[in-house]
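Trainee:
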């Protein structure tokens with residue numbers, strides 16, 4: 467049986483429908499489109515207003531769900547302990563700081579010169595990926611020196627306004643620069659640069675200490691074809707793609723987030739095994755396996771774009787998960 471509830475939120479009429487499976491379907495009836503504005507622009511503006519009006523309620527519900535999930539997890543762990551069994555790895559909370567980290571010897575450059583090509587929600591998603599990359603660079607067994615280049619427009623504004631408490635300027639092994647001199651500046655040894663892109667035929671066989679690997683910092687759902695490849699060609703920089711199709715098969719859209727690419731590169735240094743790096747980083751839903759248990763091959767894939775264009779409220783919530791990492795890192799600064 468279907469149940470429906472209509473209510474006014476601000477100037478928008480919201481229709482909440484619950485189907486037979488208990489799933490809530492929300493529809494918003496828009497006011498008439500103002501003169502001089504397209505229907506698409508009006509729809510986006512109305513969604514932004516509704517988001518602001520419901521943000522507090524949404525965040526409260528999200529916090530309650532997380533609190534309940536944490537309680538259930540504690541009860542599950544306690545039951546395992548009471549039985550005298552070992553706690554499974556997936557239930558153990560990872561340490562925020564890996565005190566036994568080793569220097570991988572590589573530098574990762576996140577090229578964020580594509581700010582103007584992204585929508586606002588994509589900027590929010592890119593911000594989220596940067597915070598996740600920072601967390602990974604603190605927790606993995608190996609770390610890299612990470613440089614965020616062309617950090618001078620909306621990405622910077624978001625960090626400076628909505629994420630002020632993150633104190634990103636003090637992040638260890640992370641540097642934010644407004645230019646891209648480490649890519650295009652005079653005196654740069656381009657033989658030490660490799661631009662990672664899905665659109666090249668050349669595969670990356672190994673990661674070499676002393677090399678600098680450039681990752682395109684863009685979320686665009688593949689709207690801009692060959693963007694990183696063309697830029698690398700113009701600058702005379704060699705290109706490579708991760709050898710994913712040699713080891714695993716990915717289901718769904720054939721892209722990885724920028725964060726996943728960085729995590730894979732860090733994982734690789736554990737035992738110089740690409741297959742293990744891919745399988746331990748990518749979510750299970752992304753992987754496909756053959757009947758015999760071995761991984762099949764797939765078409766070429768690599769980074770460049772992101773698969774998770776989240777609602778801004780979801781993105782802000784994801785960023786907050788890494789807030790403790792940022793604060794803790796600032797309290798442990800090595801001056």
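Residue numbers (the numbering used here): 467 to 801. Ideal Cβ positions, reconstructed from N, Cα and C, are used throughout, including at glycine. It should be emphasised that the depicted structure is a prediction, and the values quoted were computed from it without experimental measurement.
Please go through the region 660 to 687 and give each complete beta strand (DSSP E) segment of 3 or more residues, from N-terminal end onward.
Mentor: Entirely contained in the region 660 to 687, the beta strand (DSSP E) runs reaching 3 residues are, in chain order, 678 to 682.
Trainee: Quick one, which of 535, 639, 622 has its alpha-carbon nearest residue 601's?
Mentor: Closest option to residue 601, Cα to Cα, is 639.
Trainee: Based on DSSP bridge pairs, tell me the residues matched to residue 705.
Mentor: DSSP, once it has assigned bridges, lists 661 as partnering residue 705.
Trainee: Across which residues does DSSP place residue 569 in a beta bridge pair?
Mentor: Bridge partners of residue 569: 609.
Trainee: Helix, strand or coil for residue 548 per DSSP?
Mentor: Residue state, collapsed to three classes: helix.
Trainee: In this structure, what does DSSP give as the bridge partners for residue 580?
Mentor: Paired residues: none, contrary to the question.
Trainee: Residue 725 and residue 595: beta carbons closer than 7 Å?
Mentor: Result yes, Cβ atoms of residue 725 and residue 595 sit closer than 7 Å.
Trainee: Taking the beta strand (DSSP E) that residue 641 falls in, what are its first and last residues?
Mentor: 640 to 642 is the extent of the beta strand (DSSP E) around residue 641.
Trainee: What does the Cβ neighbour count give for residue 569, buried or exposed, with the cut at 16 atoms within 10 Å?
Mentor: Exposed, since its Cβ has fewer than 16 Cβ neighbours within 10 Å.
Trainee: Given 8 Å as the limit, is there contact between the region 612 to 632 and the region 658 to 674, that is, 3 or more CB pairs closer than that?
Mentor: No, they do not touch.
Trainee: Between the region 678 to 688 and the region 649 to 659, are three or more C-beta pairs nearer than 8 Å?
Mentor: Touching, per the Cβ criterion.
Trainee: So for residue 596, helix, strand or coil by DSSP?
Mentor: Helix at residue 596.
Trainee: Report yes if the C-beta distance between residue 577 and residue 683 is below 7 Å; otherwise report no.
Mentor: Cβ distance < 7 Å, so residue 577 and residue 683 count as in contact.
Trainee: Using DSSP with H/G/I as helix, E/B as strand and the rest coil, what is residue 723?
Mentor: Coil at residue 723, not helix or strand.
Trainee: Please state the DSSP three-state secondary structure of residue 553.
Mentor: It is coil, neither helix nor strand.
Trainee: For the alpha helix (DSSP H) holding residue 617, just list the boundary residues, first then last.
Mentor: Segment: none, residue 617 is in no alpha helix (DSSP H) and carries neither H nor E.
Trainee: Rounded to whole angstroms, how far is the Cβ of residue 484 from the Cβ of residue 490, which I believe are closer than 8 Å?
Mentor: Indeed they touch by this definition, with Cβ atoms about 5 Å apart.
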